[in-house]
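Working notes, beginning with the structure itself.
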Amino acid sequence: MADEDNIVEFRTGAPSARLKDLDWKDKRSRCPHRRVEIWRKEPILECRDCGAVVDAHQWIRDRCQDWAQVMSNLKFKKQEIEAEIDELKKARRILRRKYKDERERREAEGALMHMPPQRRA
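FYI, full-length UniProt numbering numbers position 68 of the sequence shown as 68, with every residue one higher than the one before it.
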């Protein structure tokens with residue numbers, strides 16, 4: 001067994017040395033830094049996708065803004081679905097009323113028509 005097999009390579013350059021090279025606008029335009037790794041020895045976040053050192057406060061704030069956007073989208077979709085449900089209920093009431101009127105008209109003329117079973121809402 002050679003000595004080279006027992007050698008573990010460490011990352012080149014300390015993360016604190018890379019902080020001064022960080023260009024936020026350039027990095028943010030290319031990578032959203034969604035997947036980060038937390039260093040155990042130093043309180044530093046490193047992006048798993050691009051390797052940039054990420055400001056923890058900015059990263060948390062960005063994730064909170066992302067979550068707020070998701071919640072806003074869900075609220076909007078819920079309102080759309082509720083509006084569609086109301087429209088369908090209104091259409092069902094109109095069709096039932098038309099069917100009932102038609103049935104009453106045919107019964108008055110002597111022809112019987114079968115009414116579908118009532119569904120409970």
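Even for Gly, the Cβ is constructed at its ideal location relative to N, Cα and C.
Could you please give the first and the last residue of the uninterrupted alpha helix (DSSP H) stretch that includes residue i?
i     : result
Ile85 : Ala56 to Glu109
In the DSSP assignment, find the beta strand (DSSP E) that holds residue i and state where it starts and stops.
i     : result
Cys47 : Leu45 to Cys47
Let me check one thing: in DSSP terms, what residues is residue i bridge-paired to?
i     : result
Glu37 : Glu46
Go through its chain and collect everything with a Cβ distance to residue i's Cβ below 7 Å, but skip five positions before and after it.
i     : result
Lys41 : none
Arg48 : Arg35, Val36 and Glu37
Closer than 6 Å by C-beta to residue i: which residues in its own chain qualify, once you throw out the five before and the five after it? Chain order, please.
i           : result
Cys50       : Cys31
Gln118      : none
residue 192 : Residue 192 is absent from the model: the chain starts at 1 and stops at 121.
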